[in-house]
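Engineer: Supplied in structure tokens, the structure appears directly below.
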Amino acid sequence: MTTIKVGAVQAEPVWFDLQGSVEKTISYIKKAGADGVNVLGFPEVFIPGYPWRIFTTPVVQNTEFFQQYIQNSMPRDGPEMARICEAVKEAGIFVVLGYSERDGGSLYITQSFINPEGKIILTRRKLKPTHVERSIWGDAQADSLTCVVDSPFGKIGGLNCWEHLQPLLRYYEYSQGVQVHIAGWPPMFDPQSKPGWFNQTNVGNTVPCQNMAIEGVCFVVVTTQVVTEKNYELLKLKGVPEMFDPIPGTKGNTPGGGGFAMIFGPDGQPLAEPLEKNEEGILTAVIDLKAIDGVKQWLDVVGHYSRPDLLSLNVNKVPAAQVNAMK
1 MTTIKVGAVQ
11 AEPVWFDLQG
21 SVEKTISYIK
31 KAGADGVNVL
41 GFPEVFIPGY
51 PWRIFTTPVV
61 QNTEFFQQYI
71 QNSMPRDGPE
81 MARICEAVKE
91 AGIFVVLGYS
101 ERDGGSLYIT
111 QSFINPEGKI
121 ILTRRKLKPT
131 HVERSIWGDA
141 QADSLTCVVD
151 SPFGKIGGLN
161 CWEHLQPLLR
171 YYEYSQGVQV
181 HIAGWPPMFD
191 PQSKPGWFNQ
201 TNVGNTVPCQ
211 NMAIEGVCFV
221 VVTTQVVTEK
231 NYELLKLKGV
241 PEMFDPIPGT
251 KGNTPGGGGF
261 AMIFGPDGQP
271 LAEPLEKNEE
281 GILTAVIDLK
291 AIDGVKQWLD
301 VVGHYSRPDL
311 LSLNVNKVPA
321 AQVNAMK
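Position one of the sequence shown corresponds to residue 1 (full-length UniProt numbering), numbered consecutively onward.
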């Protein structure tokens, strides 16, 4: 099957509410199945939402919030995940789900790859949480370097957020033969004039995804969260113009925002009309995987367009363990 329909979720989470987030996730899975989508991507930590307040308020003001956040994060093998997997099976689609994973007393930024039979065939964690994200989430181990799986709809890959800015990680994904890549992102806003924040904007994070489509010669499905005006205060986004200014009436912004979902072809061309940055929905495109071959004839960075005798990548594929039994 080479002609498939892909979908990018652009939606607002049910903020910091595990059960509400699961219900909304299932509703999008059902909607995608009814619309004939074959491969559906969800944003980074869509369950239970990206806590922008960790960047805009001091850690000491977030102590109670951290407790709420861990209590509303989702174990990969709990009843909530079982419900999601059942919904995927009923819809008959392939899903890459972004969520905050609870593992004992620790959290990880996680993607689970769920096949049309409702089976999780891969779970990977973000290798390195970014900046203040490290106050909540831990690092992944070597098993999360695997980021591409086989499916009835081609080889599906996925990374979260600034993993797209790690060139060695991108290159390793290309070596795994990715054809359709799911890029999970939190809400990001319009660039402001203050230097140093460009990469923390919708523009600064769309460009690496478009580059990945060209560089890796694959289809890239960019999926993002949005924030409605009523939840600015909940996420502590009001009055932070140094970073972004989502307040209505300033710099041309409309109420709400953060969404920049898009689908790029292997030549870097956009394949869908974007949603409004404050609009919820599923961006879709019908793609033909055979188009990859025509471009790879020109550019295959892990094949004929490489020089492994001069430049190569070393990979440690063995996860470290906290506890080892002595012999």
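Glycine is no exception: its CB is placed at the ideal position from the N, C-alpha and C atoms.
Quick caveat, the model's predicted, so the values are computed rather than measured.
How about G7 and I282: are their beta carbons less than 7 Å apart?
Structural biologist: As a working mapping, residue 7 is identified with position 7 in the sequence shown. As a working mapping, residue 282 is identified with position 282 in the sequence shown. Closer than 7 Å, so yes.
Engineer: DSSP three-state label for T223, please.
Structural biologist: For the purposes of this step, residue 223 is identified with residue 223 of the sequence shown, where counting begins at 1. In this structure, T223 counts as strand in the three-state DSSP scheme.
Engineer: Measure from the alpha carbon of S73 to the alpha carbon of each residue in A261, G33, G259 and P13, then state which is nearest.
Structural biologist: The residue given as residue 73 occupies position 73 in the sequence shown. Per the Cα distances, P13.
Engineer: Does the beta-carbon of Q179 have 16 or more other beta-carbons within 10 angstroms, so that it is buried, or is it exposed?
Structural biologist: As a working mapping, residue 179 is identified with position 179 in the sequence shown. Buried: at least 16 other Cβ atoms inside 10 Å.
Engineer: Relative to the alpha-carbon of T56, which residue among V22, T2, P48 and E133 has its alpha-carbon at the smallest distance?
Structural biologist: On the sequence shown, position 56 is the one that residue 56 refers to. Per the Cα distances, E133.
Engineer: I'd like to confirm the pairing. Which residues does DSSP put opposite S175 in its beta bridges?
Structural biologist: The residue labelled residue 175 in the question sits at position 175 within the sequence shown. In DSSP, S175 forms no bridge with anything.
Engineer: In this structure, how does DSSP classify M74 when only helix, strand and coil are distinguished?
Structural biologist: Within the sequence shown, the letter at position 74 stands for residue 74. Three-state result, M74: strand.
Engineer: Along the chain, where does the alpha helix (DSSP H) that runs through Q210 open and close?
Structural biologist: Residue numbering aside, residue 210 sits at position 210 when the sequence shown is read from its first letter. From DSSP, the alpha helix (DSSP H) with Q210 extends over N202 to G216.
Engineer: Which of the three DSSP states, helix, strand or coil, is assigned to G41?
Structural biologist: Start at 1 with the first residue of the sequence shown, and residue 41 comes out as number 41. Three-state DSSP puts G41 in a strand.
Engineer: Just checking: is the beta-carbon of L168 within a distance shorter than 7 Å of some beta-carbon in chain C?
Structural biologist: The structure shown contains no chain C; it is built from a single protein chain.
Engineer: Look at D17 and P48 and say whether their C-beta atoms are less than 7 Å apart.
Structural biologist: To locate residue 17, count along the sequence shown from 1; it is residue 17. To locate residue 48, count along the sequence shown from 1; it is residue 48. For the pair D17 and P48, the CB atoms are nearer than the 7 Å cut-off.
Engineer: Tell me whether N115 is buried or exposed, calling it buried when 16 or more other Cβ atoms sit within 10 Å of its Cβ.
Structural biologist: Position 115 of the sequence shown holds residue 115. N115 comes out buried.
Engineer: Which of helix, strand or coil does DSSP assign to A11?
Structural biologist: Taking the first residue of the sequence shown as 1, we reach residue 11 at position 11. It is a strand residue.
Engineer: Going straight from the alpha carbon of W298 to that of P43, what length do you get?
Structural biologist: In the sequence shown, residue 298 corresponds to position 298, counting from 1. In the sequence shown, residue 43 corresponds to position 43, counting from 1. Those two C-alpha atoms are separated by around 32 Å.
Engineer: Less than 6 Å between C-beta atoms, sequence neighbours within five positions excluded: which residues of the same chain meet that for L169?
Structural biologist: Locating residue 169 in the sequence shown gives position 169, counting from the first residue. Once the five neighbours on either side are set aside, the close Cβ partners of L169 are E163.
Engineer: Since A261 contacts Q67 with CB under 8 Å, what's their CB separation in whole angstroms?
Structural biologist: Looking up residue 261 in the sequence shown gives position 261. Looking up residue 67 in the sequence shown gives position 67. Wrong, their Cβ atoms sit about 32 Å apart, outside the cutoff.
Engineer: If I'm right that A142 touches N316 with Cβ under 8 Å, what's the distance once you round it to whole angstroms?
Structural biologist: For the purposes of this step, residue 142 is identified with residue 142 of the sequence shown, where counting begins at 1. For the purposes of this step, residue 316 is identified with residue 316 of the sequence shown, where counting begins at 1. At roughly 5 Å, the Cβ-Cβ gap stays under 8 Å, so A142 and N316 are in contact.
Engineer: Since I29 and A91 are thought to touch, with beta carbons under 8 Å apart, how far apart are those beta carbons, to the nearest angstrom?
Structural biologist: Residue mapping note: residue 29 aligns to position 29 of the sequence shown, counting from 1. Residue mapping note: residue 91 aligns to position 91 of the sequence shown, counting from 1. The Cβ separation is near 5 Å, so the contact holds.
Engineer: Less than 8 Å between the CB atoms is what I'm expecting for I156 and F113, so what's the real figure, rounded?
Structural biologist: In the sequence shown, the residue the question calls residue 156 occupies position 156. In the sequence shown, the residue the question calls residue 113 occupies position 113. That pair is a contact at about 6 Å.
Engineer: Output needed for V59: all residues of its chain with C-beta closer than 6 Å, excluding positions within five of it in sequence on either side, in chain order.
Structural biologist: Numbered from 1 along the sequence shown, position 59 holds the residue referred to as residue 59. Answer for V59: S135, listed in chain order.
Engineer: At the level of alpha carbons, what is the spacing between R102 and F189?
Structural biologist: Residue 102 sits at position 102 when you count from the first residue of the sequence shown. Residue 189 sits at position 189 when you count from the first residue of the sequence shown. For R102 and F189, the distance between alpha carbons rounds to 28 Å.
Engineer: Over what stretch of residues does the beta strand (DSSP E) that includes K155 continue unbroken?
Structural biologist: Translated into positions along the sequence shown, residue 155 becomes position 155. From DSSP, the beta strand (DSSP E) with K155 extends over G154 to N160.
Engineer: Is Q111 helix, strand or coil by DSSP?
Structural biologist: By 1-based counting over the sequence shown, the position of residue 111 is 111. In this structure, Q111 counts as strand in the three-state DSSP scheme.
Engineer: Measure the C-alpha to C-alpha separation of I4 and L289 and round it to an integer number of angstroms.
Structural biologist: One-based indexing of the sequence shown puts residue 4 at position 4. One-based indexing of the sequence shown puts residue 289 at position 289. Their Cα atoms are separated by approximately 8 Å.
Engineer: Do V149 and I109 count as a contact pair if the criterion is CB distance below 7 Å?
Structural biologist: Counting from one through the sequence shown, the residue named residue 109 turns up at place 109. Counting from one through the sequence shown, the residue named residue 149 turns up at place 149. No.
Engineer: Please list, in chain order, all residues of the same chain as F46 whose beta carbon is under 6 Å from its beta carbon, the five residues on each side excluded.
Structural biologist: For the purposes of this step, residue 46 is taken as the residue at position 46 of the sequence shown. The answer, listed in chain order, is P13 and G98.
Engineer: K31 to R307, Cα distance in whole Å?
Structural biologist: On the sequence shown, residue 31 is found 31 positions in, with the first residue counted as 1. On the sequence shown, residue 307 is found 307 positions in, with the first residue counted as 1. K31 and R307: Cα-Cα distance of roughly 45 Å.
Engineer: Can you pull the DSSP bridge partners for residue 375?
Structural biologist: With the chain running from 1 to 327 in the structure shown, residue 375 is simply not present.
Engineer: What do you get for T24, buried or exposed, if any count of 16 or more other CB atoms within 10 angstroms of its CB means buried?
Structural biologist: Start at 1 with the first residue of the sequence shown, and residue 24 comes out as number 24. In the sequence under discussion, the amino acid at residue 24 is Lys, which differs from the Thr named in the question. Counting the other CB atoms within 10 Å of its CB gives K24 a total of 16 or more, which places it among the buried residues.
Engineer: Confirm, please, whether the CB-CB distance from K119 to A140 is below 7 Å.
Structural biologist: Working through the sequence shown from its first residue, we reach residue 140 at position 140. Working through the sequence shown from its first residue, we reach residue 119 at position 119. With a cutoff of 7 Å on beta-carbon distance, A140 and K119 are scored as not near each other.
Engineer: Using the C-alpha atoms, what's the distance from E64 back to S106?
Structural biologist: Here residue 106 is taken as the residue at index 106 of the sequence shown, counted from 1. Here residue 64 is taken as the residue at index 64 of the sequence shown, counted from 1. Going by the C-alpha atoms only, they are around 16 Å apart.
Engineer: So, helix, strand or coil for I292, using DSSP?
Structural biologist: Numbered from 1 along the sequence shown, position 292 holds the residue referred to as residue 292. Three-state result, I292: helix.
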